[in-house]
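The block underneath contains the structure these notes are about, expressed in structure tokens.
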Amino acid sequence: MSDAATIVNPATEAVVDVVPNTPADEVDAAIARARAAAPSWRAVAPADRARLLRRFAEAVDGDVEHLAGLEVANSGHTIGNARWEAGNVRDVLQYYAAAPERLFGRQIPVAGGVDITFREPIGVVGVIVPWNFPLPIASWGFAPALAAGNTVLVKPATLTPLTALRLRALALDAGIPEDVFQVLPGQGSVVGQRLVDHPDVGKIVFTGSTDVGTQIMAGCARHVKRVTLELGGKSANIVFADADLERAAAAAPMAVFDNAGQDCCARSRILVERSAFDRFMALLEPAVAGVRVGDPSLDGTEMGPLISAGHRSSVAAFVPEGAPVAFRGTAPSGPGFWFPPTVLAPVAPDDPAFVEEVFGPVVAVVPFDDEADAVRLANDTPYGLSGSIWTSNLGRGLRVARAVETGNLSVNSNASVRYGTPFGGFKRSGLGRELGPDALDAFTEVKNVFIATDG
Ligand code: NDP
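Here it is in structure tokens:
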């Protein structure tokens, strides 16, 4: 087991940094510090906790360019995306800064006294973060957790710890006490596992693969530990013949190739009504050819490299020799973990690229016969995270949105995530919801108190 992770720029393969892994005994010590800090953090007056979170948001805002540059170098994200991601952390912090003063309970009518509910913090929360969106995904866990009065331990992915470490420095600058928000880089099998196994961590927020998420849920069950899971996806982009086909085809590439397809919401299945199939493919081809793939640090680049050589191999396995490639975009040659945008059609119903999460820039396009067939195909997956519906018939848009078994649907749009609305999956895509007004529920316990007024 290595004592440090060598951080590699995925676009150049140059070494960017070396980050020490946190050993198991230090994880235990950090958990003990977080536990000790919990009573004083929850006792901070609501307005003061709100002020500290707003100051944290301001510190992030002042550091957007720096954070974005780190993410470009560490994760190969395009500079445009990385700026959005750093801005999203600021926005999520600002949004939940309003929460400490609005953690309302209820007064419930009962006989013989007054009944009131409180929303108490859980205690210590562990946030286990994947490598695909290191900045936003960390904040979707830590911001509401801190706002609700919990102390937080963030475990970034081994491949991408740099921005989480920077956020910790910004939190300290903003005045968040040092044991209230800690970042523990290191391996999932050591740091992540310890957060799951340790009885003093009251809640785990995990984003990553469905396999690891399933193990984490089992580990949490041993302690009846609270858990939120955001897992894989195989989302469908459903295009009806009555849609604005030009718009749908122009938008489809970035609905799957954004972040080089390393997105749990990637629409990696495009389902097109049969009567519009040829026209849609004719419109899609130039849109895919036009995706600007290259140096992620340049403004205007739309797609960068994959995260690692190992991940590129697993993506490439979905496009073996003889695969039904309809057309492809471009990718640089030379150093870097590049893979061109790739469109597969026609595919067999059991083609792994149509069935499994690819997590790379590969999409399968499949025709459907009618609305019922579209819904059947969209739901024929163990996943249920996201998806899009393109139609000019609003009634159909709503009907299909209700019928597709996923947590986040967009009609005539490919949007998935807004900090003010709930995000999460049906079926094996996860458990619980992040973001939006209800996320605080996942970081608090409801306490009911009855006060007798008789006698
Ligand atoms: P993992 O699920 O392995 O990793 C996600 C996070 O969990 C990382 O921080 C990882 O640490 C940590 N982890 C790993 N094992 C454990 C464990 N036993 N206990 C606690 N924490 C653990 O994802 P991968 O990075 O391996 O990606 C594999 C595939 O998963 C991708 O190709 C993609 O299909 C899917 N995925 C989906 C994501 C999503 O957003 N839904 C995000 C990332 C991946 P470490 O980095 O040290 O391994």
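Those letters in the sequence shown? Residues -4 to 450, by the numbering used here.
Note that the Cβ used here is the ideal one computed from N, Cα and C, for glycine as well.
Small disclaimer: the values here were computed from a predicted structure and weren't measured.
If residue i sits next to residue j, beta carbons under 8 Å apart, how far is it from one beta carbon to the other, in whole angstroms?
i: residue 70; j: residue 18; result: That belief does not hold up - the Cβ atoms of residue 70 and residue 18 are roughly 25 Å apart, past 8 Å.
i: residue 238; j: residue 401; result: The pair is not a contact, with the Cβ atoms about 19 Å apart (cut-off 8 Å).
i: residue 245; j: residue 282; result: 5 Å
i: residue 95; j: residue 45; result: 5 Å
i: residue 232; j: residue 250; result: 6 Å
When you compare only the Cα positions, how much space is there between residue i and residue j?
i: residue 34; j: residue 160; result: 25 Å
i: residue 257; j: residue 32; result: 36 Å
i: residue 358; j: residue -2; result: 38 Å
i: residue 174; j: residue 98; result: 23 Å
i: residue 10; j: residue 420; result: 36 Å
i: residue 111; j: residue 442; result: 8 Å
i: residue 150; j: residue 376; result: 30 Å
i: residue 80; j: residue 268; result: 34 Å
i: residue 47; j: residue 93; result: 11 Å
i: residue 425; j: residue 130; result: 20 Å
i: residue 83; j: residue 148; result: 20 Å
i: residue 77; j: residue 348; result: 28 Å
i: residue 427; j: residue 437; result: 8 Å
i: residue 114; j: residue 235; result: 45 Å
i: residue 90; j: residue 137; result: 12 Å
i: residue 29; j: residue 194; result: 13 Å
i: residue 140; j: residue 146; result: 7 Å
i: residue 248; j: residue 297; result: 10 Å
i: residue 445; j: residue 219; result: 26 Å
i: residue 301; j: residue 333; result: 6 Å
i: residue 331; j: residue 304; result: 8 Å
i: residue 38; j: residue 117; result: 13 Å
i: residue 416; j: residue 435; result: 12 Å
i: residue 405; j: residue 106; result: 47 Å
i: residue 166; j: residue 274; result: 52 Å
i: residue 379; j: residue 423; result: 7 Å
i: residue 240; j: residue 172; result: 53 Å
i: residue 242; j: residue 68; result: 33 Å
i: residue 263; j: residue 382; result: 10 Å
i: residue 63; j: residue 299; result: 14 Å
i: residue 59; j: residue 395; result: 39 Å
i: residue 14; j: residue 20; result: 17 Å
i: residue 370; j: residue 55; result: 42 Å
Is residue i near ligand 1, judged by its Cβ being under 7 Å from some heavy atom?
i: residue 127; result: yes
i: residue 223; result: no
i: residue 306; result: yes
i: residue 314; result: no
i: residue 102; result: no
i: residue 303; result: no
i: residue 150; result: yes
i: residue 191; result: yes
i: residue 439; result: no
i: residue 17; result: no
i: residue 204; result: yes
i: residue 354; result: yes
i: residue 215; result: no
i: residue 124; result: yes
i: residue 184; result: yes
i: residue 448; result: no
i: residue 211; result: yes
i: residue 309; result: yes
i: residue 465; result: Within the shown structure, residues of the chain are numbered from -4 to 450, placing residue 465 beyond reach of any answer.
i: residue 188; result: yes
i: residue 153; result: yes
i: residue 227; result: yes
i: residue 207; result: yes
Determine which residues share a DSSP beta bridge with residue i and list them.
i: residue 232; result: 265 and 383
i: residue 359; result: 264 and 339
i: residue 116; result: 439
i: residue 221; result: 198
i: residue 150; result: 123
i: residue 429; result: 418
i: residue 349; result: Answer by DSSP bridge pairing: none, since residue 349 is not bridged.
i: residue 2; result: 12
i: residue 288; result: 298
i: residue 103; result: 110
Would you please verify whether the beta carbon of residue i is less than 8 Å from any beta carbon of chain D?
i: residue 318; result: This model lacks chain D altogether; it includes just one protein chain.
Does ligand 3 have even one heavy atom less than 7 Å from the beta-carbon of residue i?
i: residue 134; result: The ligand content of the structure shown is limited to ligand 1, which means ligand 3 is not among them.
Stretch-stretch touch, CB-based, cutoff 8 Å, three pairs: the region 118 to 128 with the region 183 to 193: yes
At least three beta-carbon pairs within less than 8 Å, the region 199 to 210 to the region 220 to 235: yes
Stretch-stretch touch, CB-based, cutoff 8 Å, three pairs: the region 289 to 304 with the region 385 to 395: no
Inter-stretch contact at 8 Å, needing at least 3 Cβ pairs: the region 246 to 261 / the region 356 to 373: yes
Segment contact flag, the region 312 to 322 with the region 332 to 349, C-beta cutoff 8 Å, min 3 pairs: yes
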